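If you read the protein sequences in the order shown, they are chains G and S.
For the first sequence, position 124 matches number 124 in our numbering, and the numbering has no gaps at all.
For the second sequence, position 252 matches number 252 in our numbering, and the numbering has no gaps at all.
Each remark here refers to the structure printed beneath this line.
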Amino acid sequence: MAKVIYKFGDDISTDAIYPGRYMATVLPTETPQFCFADYTELNEKLKSGEYAKGSAIVADNNFGCGSSREQAASTLRGYEMLVIAKNFARIFLQNSINVGLNLITCPDIEVNIGDELELKGDKVLNKTTGKSFEIIPLPKARQSIVDAGGLIPYTRKILVDSTKK
Amino acid sequence: MTVVEKILAKATGQKSVKAGDVLEPSVDVAMSHENAALVINQFNEVYQGTGIEPKVWNPDKIAIIFDHRVPAESSKTATNQKKIRDFVGANNIKRFHDIRSDEGGICHQILAEYGYIRPGFVVVGTDSHTTTHGAFGSFAFGIGATEMATVWTLGKVLNVEVPETIKVIVNGKFSSNVYPKDLILHLIGKISAQGANFKVLEFHGEVIKNMPMSGRLVLSNMAVEAGATAGIIPGDDETAFYLKEHGVTEKIEYVTPDADANYCQVVEINVDDLVPMLACPHTVDNVKPVTSFKGKHVDQIVIGSCTNGRIDDLEIAANILNGKKVAHGTRMLIFPASWNIYKDAMKKGYLETFASAGAVIMNPGCGCCLGVHQGALGDGEVALSTTNRNFKGRMGNPKAEVYLCSPAVAATSAISGEITEPAKGEL
Numbered sequence: 001m002a003k004v005i006y007k008f009g010d011d012i013s014t015d016a017i018y019p020g021r022y023m024a025t026v027l028p029t030e031t032p033q034f035c036f037a038d039y040t041e042l043n044e045k046l047k048s049g050e051y052a053k054g055s056a057i058v059a060d061n062n063f064g065c066g067s068s069r070e071q072a073a074s075t076l077r078g079y080e081m082l083v084i085a086k087n088f089a090r091i092f093l094q095n096s097i098n099v100g101l102n103l104i105t106c107p108d109i110e111v112n113i114g115d116e117l118e119l120k121g122d123k124v125l126n127k128t129t130g131k132s133f134e135i136i137p138l139p140k141a142r143q144s145i146v147d148a149g150g151l152i153p154y155t156r157k158i159l160v161d162s163t164k165k
Numbered sequence: 001m002t003v004v005e006k007i008l009a010k011a012t013g014q015k016s017v018k019a020g021d022v023l024e025p026s027v028d029v030a031m032s033h034e035n036a037a038l039v040i041n042q043f044n045e046v047y048q049g050t051g052i053e054p055k056v057w058n059p060d061k062i063a064i065i066f067d068h069r070v071p072a073e074s075s076k077t078a079t080n081q082k083k084i085r086d087f088v089g090a091n092n093i094k095r096f097h098d099i100r101s102d103e104g105g106i107c108h109q110i111l112a113e114y115g116y117i118r119p120g121f122v123v124v125g126t127d128s129h130t131t132t133h134g135a136f137g138s139f140a141f142g143i144g145a146t147e148m149a150t151v152w153t154l155g156k157v158l159n160v161e162v163p164e165t166i167k168v169i170v171n172g173k174f175s176s177n178v179y180p181k182d183l184i185l186h187l188i189g190k191i192s193a194q195g196a197n198f199k200v201l202e203f204h205g206e207v208i209k210n211m212p213m214s215g216r217l218v219l220s221n222m223a224v225e226a227g228a229t230a231g232i233i234p235g236d237d238e239t240a241f242y243l244k245e246h247g248v249t250e251k252i253e254y255v256t257p258d259a260d261a262n263y264c265q266v267v268e269i270n271v272d273d274l275v276p277m278l279a280c281p282h283t284v285d286n287v288k289p290v291t292s293f294k295g296k297h298v299d300q301i302v303i304g305s306c307t308n309g310r311i312d313d314l315e316i317a318a319n320i321l322n323g324k325k326v327a328h329g330t331r332m333l334i335f336p337a338s339w340n341i342y343k344d345a346m347k348k349g350y351l352e353t354f355a356s357a358g359a360v361i362m363n364p365g366c367g368c369c370l371g372v373h374q375g376a377l378g379d380g381e382v383a384l385s386t387t388n389r390n391f392k393g394r395m396g397n398p399k400a401e402v403y404l405c406s407p408a409v410a411a412t413s414a415i416s417g418e419i420t421e422p423a424k425g426e427l
């Protein structure tokens with residue numbers, strides 16, 4: 001179960017998720033402190049733990065557009081965020097899958113802040129309203145990376161297998 | 001097949017591929033900047049617990065350029081740069097461009113002017129503007145640091161879905177105050193910031209054919225602002241001419257699309273009536289004619305970046321500013337895209353023109369564009385910039401506004417201190 005803590009519109013850029021001025025900080029263990037740094041209240045409630053880990057944010061189209069900075073994915077991963085959007089920008093989507101962030105593409109999603117969501121197979125169930133919404137599956141090329149737990153274990157397996165030959 | 005299909009067929013040793021196929025293409029150039037610090041971290045993580053010694057697959061195909069925060073703005077950045085320098089030495093990476101005036105500059109300009117790219121190459125970079133190199137007819141796209149760690153390990157990109165292609169045909173003739181920057185802003189405004197998400201833009205038409213490489217680099221650079229994976233301009237005589245001028249001696253082979261190539265969409269543009277354009281706050285697809293903001297006060301003018309910091313951009317600006325002054329109440333910053341361009345501009349007298357006009361000449365780098373190093377905006381300030389993004393907070397302050405434009409609009413507006421359309425035929 002994930003509680004919706006924030007709703008965004010279209011074209012939320014990686015600068016909004018993780019402002020450029022914090023890009024010298026790169027390690028996934030350190031990036032969460034700057035998550036949505038320019039959304040002061042959201043940032044503070046994430047840092048203080050007032051918003052529990054595993055909460056959900058919901059956005060419209062083209063979430064994560066802009067830069068290739070992986071901090072935008074790792075900063076959200078640090079809060080085990082469930083990120084639901086009508087669709088995602090390509091590099092952000094790939095980075096998120098690579099670092100194990102849970103992205104859900106759901107074009108018809110309807111939620112209010114505070115609603116409780118649950119993932120049920122190929123649907124997002126809004127337990128507060130009782131409505132459910134269809135999930136668009138990830139690009140097929142990416143599902144195997146999710147199944148492996150991220151790109152690092154996926155690559156490691158290929159590396160190890162190749163040296164056994 | 002489209003250009004990207006042909007490139008990916010070759011990079012996977014197949015006769016033909018089609019959009020939607022999942023492939024693992026081998027990589028010809030793998031570029032990183034300061035975020036190589038994170039790539040190194042992830043690369044070492046891949047090898048963790050395997051008992052295998054970490055070793056990059058091919059040091060000659062890796063390029064690392066320091067450009068985002070040069071010289072370092074903080075001890076944290078300097079320490080990252082030191083870590084990268086040590087890695088470069090230990091792994092014998094020769095295409096390393098340090099903070100030096102005899103080899104440095106913005107990564108995308110360095111890859112272009114050092115002749116590292118060829119038509120048909122698969123190019124990946126840990127920077128979204130890696131699309132720039134599509135101007136050479138390569139398939140060039142941005143990836144994240146973890147994905148780059150995979151490339152450094154295996155020499156290929158895993159699980160790439162062959163993208164669909166949008167054909168963009170550009171005909172007509174530019175007015176004398178209209179430039180490739182106006183064209184790409186117009187296109188992004190027309191198809192939107194997500195209009196080409198997961199797709200490739202492939203450029204054709206007489207305007208592209210007659211466009212020098214410097215302009216083509218602008219189009220491919222900003223293809224990503226329409227969401228495109230890549231922005232490809234098929235190789236031709238201009239591609240070969242540019243590479244030859246930049247020291248490449250081998251024969252250049254072009255990759256061109258088949259006559260029956262399958263496009264998911266065709267966009268036709270005639271530039272005869274195109275006027276100077278602005279991308280207005282806070283999205284790049286919020287595009288309007290310059291005249292719609294005529295007279296708006298500007299606090300900071302920026303000319304430079306991987307988009308518009310090349311010698312002909314500086315020439316346009318210098319011609320406009322020659323003998324004139326930057327308006328008081330407005331500051332102007334010039335960031336040449338590389339040190340070679342800086343020195344060329346010095347020889348040609350452009351730097352003297354800028355300095356006499358009151359503009360501040362900065363060292364080549366990206367810092368101002370993304371708000372990480374120099375040139376930050378104050379609360380409520382307005383910037384007019386030749387860079388490529390105007391997202392909220394982009395130039396270091398979420399309470400400021402960034403408008404994007406061509407170098408001609410930027411230079412003309414510097415003199416008046418307000419947004420001003422350049423006169424036709426003046427240049």
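Glycine included, every Cβ here is placed at the ideal spot set by N, Cα and C.
Values in this document were obtained by computation on a predicted structure and should not be read as measured data.
Going by C-alpha to C-alpha distance, which of the options sits closest to residue i?
i	options	result
residue 133(G)	124(G), 139(G), 140(G)	124(G)
residue 222(G)	112(G), 79(G), 110(G)	With chain G running from 1 to 165 in the structure shown, residue 222(G) is simply not present.
residue 28(G)	73(G), 51(G), 36(G)	73(G)
residue 40(G)	19(G), 160(G), 111(G)	19(G)
residue 147(S)	43(S), 210(S), 136(S)	43(S)
residue 315(S)	161(S), 351(S), 11(S)	351(S)
residue 240(S)	67(S), 105(S), 252(S), 206(S)	252(S)
residue 343(S)	96(S), 100(S), 68(S)	100(S)
residue 430(S)	103(S), 65(S), 69(S)	Since the displayed chain S opens at 1 and closes at 427, residue 430(S) lies outside it and no answer follows.
residue 112(S)	243(S), 362(S), 26(S), 363(S)	243(S)
residue 213(S)	102(S), 126(S), 311(S)	311(S)
residue 23(S)	30(S), 37(S), 161(S), 135(S)	161(S)
residue 339(S)	229(S), 237(S), 304(S)	304(S)
residue 156(S)	306(S), 232(S), 62(S)	62(S)
At 8 Å on the CB atoms, spell out the chain G contacts of residue i, in chain order.
i	result
residue 227(S)	62, 65, 89, 90
Quick one: Cα of residue i to Cα of residue j, how far?
i	j	result
residue 20(S)	residue 164(S)	7 Å
residue 102(G)	residue 77(G)	8 Å
residue 34(G)	residue 34(S)	19 Å
residue 142(S)	residue 246(S)	24 Å
residue 8(G)	residue 81(G)	14 Å
residue 39(S)	residue 75(G)	16 Å
residue 211(S)	residue 32(S)	28 Å
residue 41(S)	residue 370(S)	23 Å
residue 190(S)	residue 407(S)	22 Å
residue 139(G)	residue 87(G)	12 Å
residue 223(S)	residue 50(G)	40 Å
residue 427(S)	residue 411(S)	Note that residue 427(S) scores 47 on pLDDT, short of 50, meaning its location in the model is unreliable; the coordinates nonetheless yield the value given after this. In a straight line, the C-alpha of residue 427(S) is about 12 Å away from that of residue 411(S).
residue 10(S)	residue 57(S)	20 Å
residue 108(S)	residue 221(S)	9 Å
residue 17(S)	residue 61(G)	30 Å
residue 418(S)	residue 330(S)	9 Å
residue 67(S)	residue 258(S)	38 Å
residue 326(S)	residue 108(G)	51 Å
Would you mind telling me which residues of chain G sit closer than 9 Å to residue i, beta carbon to beta carbon, in chain order?
i	result
residue 392(S)	13, 15, 16, 38
residue 80(S)	24, 26
Determine whether the beta carbon atoms of residue i and residue j lie at a separation below 7 Å.
i	j	result
residue 176(S)	residue 424(S)	yes
residue 266(S)	residue 167(S)	yes
residue 31(G)	residue 94(G)	no
residue 324(S)	residue 357(S)	yes
residue 14(G)	residue 55(G)	no
residue 375(S)	residue 333(S)	yes
residue 429(S)	residue 184(S)	Chain S is shown only over 1 to 427; residue 429(S) falls outside these bounds and no answer can be derived.
residue 402(S)	residue 385(S)	yes
residue 137(S)	residue 234(S)	yes
residue 281(S)	residue 397(S)	no
residue 187(S)	residue 279(S)	no
Going along chain S, which residues have a C-beta under 8 Å from residue i?
i	result
residue 20(G)	370, 371, 372, 393, 394, 396
residue 98(G)	144, 146, 147
By the criterion of Cβ-Cβ separation under 9 Å, what are the contact partners of residue i in chain S?
i	result
residue 84(G)	Per Cβ cutoff of 9 Å: no residues; residue 84(G) is ~17 Å from chain S at best.
residue 95(G)	143, 144, 145, 146, 147
How would you list, in chain order, the residues of chain A whose beta-carbon sits under 7 Å from the beta-carbon of residue i?
i	result
residue 312(S)	The chain labelled as chain A is not found among the protein chains of the depicted structure, namely G and S.
Run down chain S in chain order and give the residues with a C-beta less than 7 Å from the C-beta of residue i.
i	result
residue 163(G)	52
Residues of chain G with a CB under 7 Å from the CB of residue i: which are they?
i	result
residue 122(S)	The contacting residues do not exist; residue 122(S) stays about 16 Å from chain G at best.
residue 38(S)	26, 70
Would you say residue i touches the ligand SAH, meaning its beta carbon is less than 6 Å from a heavy atom?
i	result
residue 255(S)	The ligand SAH is not part of this structure, which contains no ligands at all.
Any C-beta of chain G within less than 8 Å: which residues of the region 324 to 342 of chain S qualify?
none
What residues in the region 134 to 160 of chain G have a beta carbon less than 8 Å from any beta carbon of chain S?
139, 140, 141, 142, 144, 145, 150, 151, 152, 154, 155, 156, 158, 159, 160
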